[in-house]
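Undergrad: Take this structure first; my questions come after.
In this note's numbering, the protein residues as written are 19 to 528.
Okay, here's the thing in structure tokens:
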């Protein structure tokens, strides 16, 4: 897009005179041995003594230095190069913030924001006159009174009592060992059965285990909520996503966390809305095609192809363009690429090469088709119902909700089912709670539901919930009705007004 082009040009301008910038920065640090800035290993060190440079909140710089990592939060630029190595959530999460305004990511993924703000004060800042990255124009979490009320109650009523009993830090992460054990056990049992007897049934079972890994293991881990350790989360996030599911955890984090979670259902910023277009029309601002009137029927036939689409999409996005549609992988690290290739080798080796070697290619074709299509079908079904219902799109939101991050997230999401479904979907069924607290362990979401419901009732905000063990079925019916509605040819006046509104919002954001 033109925005990305302008941003890249600004970065290239920043890159000119890199040597001069390094010399000036070295002199400001008090002289001595020269300080080297390396793009290769993301380290800063004293060449003579091979010791890392140290920073404190007293350090203030007047320019961006090529090779270092920066983010912007609430209009202030922070140097996060060294902090990436000791970030509690792991460098893989912090690097999502590099090169962009990360205010929403920062405020929504930290339950105890007051403690994290203290950490921010210890990071070096840069007084930059040039607008090096676009300012965040979307509503911000901590500007929402509703969000702060819910956040306070969740800390006091859910997380802190849990931490007293378990000894965990009161940050909402960890405590899902049983859930993770069940997911991992299910996968290895399914993998063993498939490699000893590849049939359509064992293929479907392996597909289910991959789906469950995608929701109950990698989803929570890559959000930083599976354990208290950022390193352990990174390992299980990679294993559950790249090895088991066959999906790049790199692409997933940028697509899901930077795009979808920050701007849920926004037709210009949420990739989940526009990447399925033109096949499926999920927002009235998108151009209508004649075949959309049948999308309520044929969309189900498209779900099984998610796995195949992910293989192609990952290759294009991760290997070739280093970006998903609308989101550049600005913080991509070399070891992440190495893990990407290793994950692909293990995934294809364990699920394709090994059974084909033992039983032949012909005997494995149908079982592998069953594997890819069945897991894809379940994943698509359980996810699409949570954000695609009548009344959940931005055009239906009142003006107050369009300026309140928490209300936006609540009104554009839906929750369904009970705690057993949270166990089987990794919290994917409780999307309202998950979007308010994406970095939380998924087994805590059922305890958060009554708090969110009560605060929504007090604030006059509708809560789209379908409780009960069979809550999935009524919400599925509503989802198909929505697809049918989006498939109808819009009245010209309505679509013109919507497009104007969308263009105005996009122009304001840019």
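Each residue gets a CB set at the ideal place from its N, CA and C atoms; glycine is no exception.
With DSSP run on the structure shown, which of helix, strand or coil describes residue 91?
TA: Looking at residue 91 - three-state DSSP - the assignment turns out to be strand.
Undergrad: Using the three-state DSSP reduction, which class does residue 300 fall into: helix, strand or coil?
TA: If DSSP states are grouped into helix, strand and coil, residue 300 belongs with coil.
Undergrad: Measure the beta-carbon distance from residue 317 to residue 330 and round it to whole angstroms, keeping in mind my assumption that it falls under 8 Å.
TA: Not really, about 19 Å apart at Cβ, beyond 8 Å.
Undergrad: Does the distance from the C-beta atom of residue 429 to that of residue 413 stay below 8 Å?
TA: No, the Cβ-Cβ distance between residue 429 and residue 413 is not below 8 Å.
Undergrad: Kindly give me the distance between the Cβ atoms of residue 393 and residue 281, rounded to whole angstroms, as I take these residues to be in contact under 8 Å.
TA: Rounded, the Cβ-Cβ distance is 27 Å, inconsistent with contact.
Undergrad: In chain order, what residues of the same chain have a beta carbon less than 6 Å from the beta carbon of residue 347, not counting five sequence neighbours either side?
TA: 272, 340, 341.
Undergrad: How would you label residue 128, buried or exposed, when you count the other beta carbons within 10 angstroms and need 16 or more for buried?
TA: Under this definition residue 128 is a buried residue.
Undergrad: Excluding sequence positions up to five away, which residues of its chain have a Cβ less than 7 Å from the Cβ of residue 37?
TA: Residue confidence for residue 37 is low, a pLDDT of 35 falling below 50, so the modelled location carries little weight; the figure read from the coordinates is stated next. So the list is empty, once near-sequence residues are dropped.
Undergrad: Once you ignore the five residues that flank residue 159 on each side, which residues in its own chain have a CB closer than 6 Å to its CB?
TA: The residues are 125, 126, 165, 423.
Undergrad: So residue 407 and residue 496 are supposed to be a Cβ contact under 8 Å. How far apart are they, rounded?
TA: Yes, they are in contact, since the Cβ atoms of residue 407 and residue 496 sit about 5 Å apart, within 8 Å.
Undergrad: By Cβ distance below 6 Å, which residues in the same chain neighbour residue 212 in space, the five residues on each side in sequence not counted?
TA: Cβ neighbours of residue 212 beyond the five flanking positions: 220, 224.
Undergrad: Kindly provide the ranges of any alpha helix (DSSP H) runs that are 4 or more residues long and lie completely inside the region 168-219, ordered along the chain.
TA: Runs found: 178-184, 195-214.
Undergrad: Measuring CA to CA, which of 250, 319, 217 is closest to residue 377?
TA: Out of 250, 319, 217, 217 has the C-alpha closest to the C-alpha of residue 377.
Undergrad: Give the DSSP-derived three-state secondary structure of residue 293 in the structure shown.
TA: Reduced to three states, the DSSP call for residue 293 is coil.
Undergrad: DSSP has residue 433 in a bridge; who is on the other side?
TA: Residue 433 pairs with 448, 483.
Undergrad: Relative to the C-alpha of residue 373, which candidate in 358, 389, 359, 361 has its C-alpha closest?
TA: Of 358, 389, 359, 361, the residue nearest in Cα terms is 389.
Undergrad: Tell me whether residue 463 is buried or exposed, calling it buried when 16 or more other Cβ atoms sit within 10 Å of its Cβ.
TA: Buried.
Undergrad: Taking DSSP as the reference, what is the three-state secondary structure of residue 148?
TA: Here residue 148 sits in coil by DSSP.
Undergrad: Tell me the rounded alpha-carbon separation between residue 501 and residue 322.
TA: Those two C-alpha atoms are separated by around 18 Å.
Undergrad: So, is residue 237 buried or exposed, given that buried needs 16 or more other C-beta atoms within 10 angstroms?
TA: So residue 237 counts as buried.
Undergrad: Let's see if you can read the secondary structure: which residues bound the alpha helix (DSSP H) around residue 359?
TA: Taken as a continuous stretch (DSSP letters only), the alpha helix (DSSP H) holding residue 359 covers 352-366.
Undergrad: Could you tell me which residues DSSP puts in a beta bridge with residue 345?
TA: Bridge partners of residue 345: 342.
Undergrad: Considering only DSSP beta bridges, list what residue 119 is partnered with.
TA: DSSP, once it has assigned bridges, lists 90 as partnering residue 119.
Undergrad: By the three-class DSSP mapping on this structure, what secondary structure does residue 222 have?
TA: Of the three classes helix, strand and coil, the one that applies to residue 222 here is helix, per DSSP.
Undergrad: Which residues mark the beginning and the end of the alpha helix (DSSP H) in which residue 314 is found?
TA: Per DSSP, residue 314 belongs to the alpha helix (DSSP H) from 313-320.
Undergrad: Which residues mark the beginning and the end of the alpha helix (DSSP H) in which residue 374 is found?
TA: Note, residue 374: alpha helix (DSSP H), 372-377.
Undergrad: Do you know whose CA, among 487, 397, 437, 451, lies nearest residue 472's CA?
TA: The candidate whose alpha carbon is nearest that of residue 472 is 451.
Undergrad: Once the 5 residues before and after residue 470 are set aside, which same chain residues still bring their CB inside 8 Å of it?
TA: So the qualifying residues of the chain are 168, 428, 450, 451, 454, 481.
Undergrad: What are the start and end residues of the alpha helix (DSSP H) that includes residue 471?
TA: Element bounds for residue 471: 463-477.
Undergrad: Residues in the same chain with beta-carbon distance under 7 Å from residue 334, minus the five sequence neighbours each way, listed in chain order, please.
TA: Excluding sequence neighbours, residue 334 sits near nothing in its chain.
Undergrad: Going by beta-carbon coordinates alone, are residue 95 and residue 233 separated by less than 8 Å?
TA: It is not a contact, given that the beta carbons lie outside the stated cut-off.
Undergrad: Can you grab the Cα-Cα spacing for the pair residue 445 / residue 437, in whole Å?
TA: Answer to the nearest angstrom: the Cα atoms are 8 Å apart.
Undergrad: Note down the Cα distance separating residue 353 from residue 196, rounded to an integer number of angstroms.
TA: Distance between the alpha carbons of residue 353 and residue 196 is about 30 Å.
Undergrad: Count the C-beta pairs between the region 107-121 and the region 243-250 that are closer than 8 Å, then say yes if the count reaches three, no if not.
TA: These segments touch.
Undergrad: Can you tell me whether DSSP reads residue 510 as helix, strand or coil?
TA: The answer is helix: DSSP assigns residue 510 an H, G or I state.
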